[in-house]
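Residues in the sequence shown are numbered from 273 upward in steps of one, following our numbering. Beta carbons are placed, not taken as given, at the ideal position from N, Cα and C, and that holds for glycine. Note that this is a predicted model, so its numbers are computed, not measured.
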Amino acid sequence: DKAYLGSNISMNTLLRPALYGAKHHIVLANRLNDEIKGRYEVVGQVCENTDRIGTDVELPDPRIDDILAVFNAGAYVSSMASNYNGRPIPAEVLITDIGEEVIRKSSTFADYIRNYV
Numbered sequence: 273d274k275a276y277l278g279s280n281i282s283m284n285t286l287l288r289p290a291l292y293g294a295k296h297h298i299v300l301a302n303r304l305n306d307e308i309k310g311r312y313e314v315v316g317q318v319c320e321n322t323d324r325i326g327t328d329v330e331l332p333d334p335r336i337d338d339i340l341a342v343f344n345a346g347a348y349v350s351s352m353a354s355n356y357n358g359r360p361i362p363a364e365v366l367i368t369d370i371g372e373e374v375i376r377k378s379s380t381f382a383d384y385i386r387n388y389v
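Below, the structure written as structure tokens:
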């Protein structure tokens with residue numbers, strides 16, 4: 273049996289794993305010191321069988337409201353993200369030694385329909 277972890281990250285946000293099998297290190301950022309309990313298929317919300325962010329990802333038992341962190345996604349998200357399947361493009365946050373700053377706001381429904389109405 274496979275265990276699946278649904279996330280609010282999808283192939284519209286991080287296309288590389290679906291497009292050509294890119295691998296990213298994935299952790300539960302709020303539980304870095306917790307014991308690894310299993311392997312998970314980390315999947316998104318887009319109705320495509322390729323909407324997988326990670327395969328055989330070793331994690332503690334996930335809980336609602338855990339924070340899933342995907343490493344080394346950076347500029348790939350910014351340049352490849354789309355509103356595919358009606359999903360919003362996420363905010364971008366720059367994290368430095370002195371703190372964090374939102375450098376691009378999330379898209380809104382109004383942004384999504386702007387060119388359709």
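C-alpha gap between residue i and residue j, whole angstroms
i, j, result
"F343", "T380", "25 angstroms"
"G346", "D337", "22 angstroms"
"A294", "A363", "22 angstroms"
"V299", "R324", "15 angstroms"
"K309", "A382", "41 angstroms"
Residue i - DSSP class collapsed to helix/strand/coil
i, result
"V318", "coil"
"Y348", "helix"
"D328", "strand"
Distance CB(residue i)-CB(residue j) smaller than 7 angstroms
i, j, result
"V314", "G326", "yes"
"S378", "L340", "no"
Distance between beta carbons of residue j and residue i, contact taken as under 8 angstroms
i, j, result
"N284", "R359", "4 angstroms"
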